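Taking it in order: structure first as structure tokens, then the write-up.
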Amino acid sequence: METVVSIPLSRAGVPMSRRRVLGAYLAEMRSECLRYLRAPGFILPMTLFSTVFYLMFGVLLNHGEASRYLLASYGAFGIMGPGLFGFGVSLAIERDGGLLTLKRALPMPPGAYLLGKMVMAMIAATLVMVLLLLIGVALAHVVLSWGQVLAMLLTAMFGVLPFCALGMFVGTLLKGQGAPGLLNLVYLPMAFLSGLWLPLSMLPGALQRIAPIWPSYHLNQLTQAAVGLNDAPLLGHVLVLVAFAVGFLLLAARRLRRYG
Amino acid sequence: MPHLRDPIAHLDAAVKRYGQLTALDRVDLCLRPGELLALLGPNGAGKTTAIGLLLGLIRAEAGAVGLFGQDPQQIGARRRIGVMLQNAELPPTLQVGELLRLTASYYPAPRTLAETAELAGVADLLKRPYAKLSGGQQRRVQFALALCGRPELLFLDEPTVGMDVEARQKLWAAIRQLLAEGCAVLLTTHYLEEAEALADRVCVMSRGRVIHESTVDALRARVALKRIRCISSVDAGVVGGWPSVSDAEQRQGRLHVTTAEAEAVVRRLLDADPQLSELEVQRAGLAEAFTELTREAEHASPASQREVA
Numbered sequence: 012m013e014t015v016v017s018i019p020l021s022r023a024g025v026p027m028s029r030r031r032v033l034g035a036y037l038a039e040m041r042s043e044c045l046r047y048l049r050a051p052g053f054i055l056p057m058t059l060f061s062t063v064f065y066l067m068f069g070v071l072l073n074h075g076e077a078s079r080y081l082l083a084s085y086g087a088f089g090i091m092g093p094g095l096f097g098f099g100v101s102l103a104i105e106r107d108g109g110l111l112t113l114k115r116a117l118p119m120p121p122g123a124y125l126l127g128k129m130v131m132a133m134i135a136a137t138l139v140m141v142l143l144l145l146i147g148v149a150l151a152h153v154v155l156s157w158g159q160v161l162a163m164l165l166t167a168m169f170g171v172l173p174f175c176a177l178g179m180f181v182g183t184l185l186k187g188q189g190a191p192g193l194l195n196l197v198y199l200p201m202a203f204l205s206g207l208w209l210p211l212s213m214l215p216g217a218l219q220r221i222a223p224i225w226p227s228y229h230l231n232q233l234t235q236a237a238v239g240l241n242d243a244p245l246l247g248h249v250l251v252l253v254a255f256a257v258g259f260l261l262l263a264a265r266r267l268r269r270y271g
Numbered sequence: 009m010p011h012l013r014d015p016i017a018h019l020d021a022a023v024k025r026y027g028q029l030t031a032l033d034r035v036d037l038c039l040r041p042g043e044l045l046a047l048l049g050p051n052g053a054g055k056t057t058a059i060g061l062l063l064g065l066i067r068a069e070a071g072a073v074g075l076f077g078q079d080p081q082q083i084g085a086r087r088r089i090g091v092m093l094q095n096a097e098l099p100p101t102l103q104v105g106e107l108l109r110l111t112a113s114y115y116p117a118p119r120t121l122a123e124t125a126e127l128a129g130v131a132d133l134l135k136r137p138y139a140k141l142s143g144g145q146q147r148r149v150q151f152a153l154a155l156c157g158r159p160e161l162l163f164l165d166e167p168t169v170g171m172d173v174e175a176r177q178k179l180w181a182a183i184r185q186l187l188a189e190g191c192a193v194l195l196t197t198h199y200l201e202e203a204e205a206l207a208d209r210v211c212v213m214s215r216g217r218v219i220h221e222s223t224v225d226a227l228r229a230r231v232a233l234k235r236i237r238c239i240s241s242v243d244a245g246v247v248g249g250w251p252s253v254s255d256a257e258q259r260q261g262r263l264h265v266t267t268a269e270a271e272a273v274v275r276r277l278l279d280a281d282p283q284l285s286e287l288e289v290q291r292a293g294l295a296e297a298f299t300e301l302t303r304e305a306e307h308a309s310p311a312s313q314r315e316v317a
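Line by line, the protein sequences give chains A and B. Here the first sequence is numbered in the numbering used here, starting from 12 and rising by one per residue. Here the second sequence is numbered in the numbering used here, starting from 9 and rising by one per residue.
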């Protein structure tokens, strides 16, 4: 210790304490959450899509077990939104506006930027799920155990991550205002083809057979299991989602490193 | 301590190409502690590319880049710098104070919020959301973000664009204060008076090369042109034909002559017009020197352009 003190320390010698590094990560997460919670134009479309659909089809048009089934499928649909849009749109806009460049020039700890967005997406997905559960229990009279509620919330919190990775990849493909359009082209067809709007059994056989290539199909299997409508083993679905997340994360990171 | 004068940021024969275009062509650049180096040049000269290399945003294809003796992509080197880029759209819904706190959190020993706000003149804006600020105020906030980490080296890319005269003067005063504290500054600017007011050294770039590097005075002296202004009945067209006169015109009732041989031209003018009045002779400013330099570079360049293509 004495040797450290005896050096005539200019500011150059000040090391970054571990506590300050951790503080930087927390500050980044806090800012990322604050800025979007204050931007209703960004948050509302993400949350309203699934809740309004569920109100129409799960509460007004259907009852009983259909409402339970739709709670799970619109739950999966609602989880996807914050991941795809929260990541994709903000990344595309910040690449365009120069914010990402500034952050890369600043000594922001590595990964803090993405971690901040990830936490924001996890919170948003959980909020969407809370809204859907409230509608389901209070208005559609779906009976859920506390364990089932917890399973749904956890599925939302972690199930959003593969879609964050996909959104991030789309966000690296184009800049600025083009991203929401492209993301909708991914979001809506994928939800339909995975049986989130209509049960897969009502779709043509060919579409049923290719459904497992969509990550949302696997997410739907998890939410169906959470509400007690799927007894099949889940490990396979979880592994597919993890692989999907890692794959797109690597693709996106590579594009970000190469093209900024 | 001789090592104190070692460069804190340098480019050695750095090359960067974008496809067919050579954005930087073996550029050397060196910044020492406590000095302000102004990087001048027309658009597309390679200033932003040079800064991008020093910040670690892009990689050089050849040559060396160093920031505090490290690779700029090392976060340790970047913890000693502050950055203000030409355009950065900061999160619109965050308040100025929140933005400052976030950026300060990246640094080991940042200034206090109050100190930063005072120095950058944003104390009255701390509670305001960024999007509600005027363009000039936003630039001031970006300047505050650049200095909040108590950097030893500040990168300022066109810092006063969009500022009114008063705001610009205040920013210059703040930059002088930082220099007095021993902070070095790399400044790019379009405003030559900004370089004249602040810079120890200037470095003029054109088409990816450094075409001149010296003190401000040396740059001005390099161009020997002087400006003569007077009220005279002598026809500007006639004066324009005199030897060593590079330009002559009648503007706002005055005769304006640009020449390298002011004494001879003044003598001839007085001979031609004994009624001549309000005579002024001035050394050309940095603007003329700069125009002259970049024009030389343009004339010299066609051959090298063909090499690239």
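Glycine is no exception: its CB is placed at the ideal position from the N, C-alpha and C atoms. Keep in mind it's a predicted model, so treat the numbers as computed, not measured.
For a test of the three-state rule: what should DSSP assign to residue i, helix, strand or coil?
i, result
"C175(A)", "helix"
"H220(B)", "strand"
"L260(A)", "helix"
"D242(A)", "coil"
"A317(B)", "Residue placement at A317(B) is poorly supported in this model, since its pLDDT is 33, which falls under 50; the coordinates still yield a value, given next. Reduced to three states, the DSSP call for A317(B) is coil."
"L204(A)", "helix"
"E97(B)", "coil"
"I59(B)", "helix"
"H198(B)", "coil"
"H264(B)", "strand"
"P137(B)", "strand"
"C38(B)", "strand"
"H18(B)", "strand"
"V25(A)", "coil"
"L161(B)", "strand"
"S113(B)", "coil"
"L214(A)", "coil"
"V100(A)", "helix"
Near residue i, which residues of its chain fall below 8 angstroms by C-beta distance, leaving aside the five closest residues on each side in sequence?
i, result
"T101(B)", "P137, Y138, A139"
"A35(A)", "M119, P120, A123"
"M12(A)", "The predicted model places M12(A) with a pLDDT of 37, which falls under 50 and marks its position as unreliable, so this point remains unresolved."
"A268(B)", "A232, L233, K234, S252, S254"
"G258(A)", "A176"
"L245(A)", "Q232, L233, A236"
"D242(A)", "A236"
Can the beta-carbon of residue i be found closer than 9 angstroms to that of residue j?
i, j, result
"V35(B)", "G216(B)", "yes"
"L162(B)", "L194(B)", "yes"
"G92(A)", "S61(A)", "yes"
"S101(A)", "Y47(A)", "yes"
"L211(A)", "L218(A)", "yes"
"L37(B)", "L63(B)", "no"
"T137(A)", "M168(A)", "yes"
"R148(B)", "V130(B)", "yes"
"G189(A)", "A263(A)", "no"
"D165(B)", "L75(B)", "no"
"V141(A)", "S78(A)", "no"
"I54(A)", "F174(A)", "no"
"Y65(A)", "I146(A)", "yes"
"A295(B)", "S214(B)", "no"
"L150(A)", "M163(A)", "no"
"L284(B)", "V246(B)", "no"
"P272(A)", "L252(A)", "What the structure shows of chain A is the stretch from 12 to 271, and residue 272(A) is not part of that stretch, so it cannot be assessed."
"G90(B)", "L155(B)", "yes"
"T168(B)", "T197(B)", "yes"
Quick test of your reading: residue i and residue j, contact by CB under 8 angstroms. State the CB separation rounded to the nearest angstrom.
i, j, result
"I239(B)", "E286(B)", "5 angstroms"
"G278(A)", "V171(A)", "Residue 278(A) is absent from the model: chain A starts at 12 and stops at 271."
"L214(A)", "L98(B)", "Not a contact, Cβ separation roughly 46 angstroms."
"A135(A)", "G97(A)", "6 angstroms"
"A17(B)", "L39(B)", "4 angstroms"
"G71(B)", "V212(B)", "The pair is not a contact, with the Cβ atoms about 19 angstroms apart (cut-off 8 angstroms)."
"V25(A)", "A117(B)", "5 angstroms"
With a threshold of 6 angstroms on Cβ separation, who are the neighbours of residue i within its own chain once the five nearest residues in sequence on each side are excluded?
i, result
"L227(B)", "V210, A297"
"G190(B)", "G42"
"L186(B)", "none"
"D208(B)", "E43, L44"
"R291(B)", "K234"
Leaving out five residues on either side along the sequence, give the residues of the same chain with a beta carbon under 7 angstroms from the beta carbon of residue i.
i, result
"R88(B)", "F76, P159, E160, L161"
"G144(B)", "G170, M171, D172, A175"
"Y199(B)", "T168"
Which runs of the alpha helix (DSSP H) spanning at least 4 residues fall entirely within the stretch 102–189 of chain A, listed in chain order?
110–116, 123–145, 157–170, 172–184
Whole beta strand (DSSP E) elements within the stretch 62–97 of chain B, 3-residue minimum:
70–75, 89–92
Extract the residue ranges of the beta strand (DSSP E) inside the stretch 224–280 of chain B, only unbroken runs of 3 or more that lie entirely within it.
234–239, 253–259, 262–267
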